[in-house]
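Enquirer: Numbering (the numbering used here), first residue to last: 38 to 216.
Glycine is no exception: its CB is placed at the ideal position from the N, C-alpha and C atoms.
Structure provided below as structure tokens; questions to follow.
So, in structure tokens, the structure goes:
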């Protein structure tokens, strides 16, 4: 199971594009509302989450995904339960993925220390001890990071490749006519 955390003010593209691509690939994915089922993104788009934080089954988790958006990132930081779920994923060798400002939360938790990462330009200043790369997406073992909303499709395809292999990611890329 892949859980995508949605906090008030999340970046809609960074959540919905990977969600769509993962489901096209046949991956079980649930969106998780941090403060309730209906979560309003940073551009005023309300999304009805599949479940709330308290309904997550961490024992079934293969990956946790943090979209960016400054409000969404602040929502994640403000939730002990969300932070505990992220920490649980990392400590139990699950994939942890974040895009845009999301990787800064991972830095706060010590997950990015010594790792190759990318993030929204300028956010790397909030991620000391990392090997920042100016790239759309970066994978370092079980850690996957993306740069921005403009990289959300590449990020989603990298998530598929991590979970199901490059053939499945390439298949979805062809399906959506990625160029």
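1. Excluding the 5 residues flanking residue 205 on each side, which residues of the same chain have their C-beta closer than 6 Å to its C-beta?
2. When the Cβ atoms of the stretch 72 to 79 are set against those of the stretch 130 to 137, are three or more pairs found closer than 8 Å?
3. Run the CB neighbour count on residue 65, radius 10 Å, all protein chains shown included, and call it buried at 16 or more, exposed below.
4. Enumerate in chain order the residues of its own chain whose CB-to-CB distance from residue 125 is below 7 Å, with the five nearest sequence positions on each side excluded.
5. Is the Cβ-Cβ distance between residue 115 and residue 79 less than 8 Å?
6. Identify, in the order they occur along the chain, each residue of the same chain with its Cβ nearer than 8 Å to the Cβ of residue 215, setting aside the five sequence neighbours on each side.
7. According to DSSP, what are the bridge partners of residue 123?
8. Please report how far the alpha carbon of residue 48 lies from the alpha carbon of residue 77, in whole angstroms.
9. Whole angstroms is fine: what's the gap from residue 183's alpha carbon to residue 46's?
10. If I measure Cβ to Cβ from residue 175 and keep anything under 7 Å in the same chain, skipping five residues before and after, which residues do I get?
11. List the endpoints of the continuous alpha helix (DSSP H) containing residue 45.
12. Since residue 135 sits in a beta bridge, which residues does DSSP pair it with?
13. Quick one: give me the first and last residue of the beta strand (DSSP E) that residue 76 is part of.
14. Does the separation of the CB atoms of residue 180 and residue 99 fall below 8 Å?
Expert: If we stick to the structure as given:
1. 62 and 197
2. no
3. exposed
4. 95
5. no
6. 190 and 194
7. Residue 123 is not bridged to any residue.
8. 10 Å
9. 18 Å
10. 153, 154, 155 and 182
11. Counting along the chain, residue 45 falls outside any alpha helix (DSSP H), and DSSP gives it neither H nor E.
12. 103 and 182
13. 75 to 77
14. no
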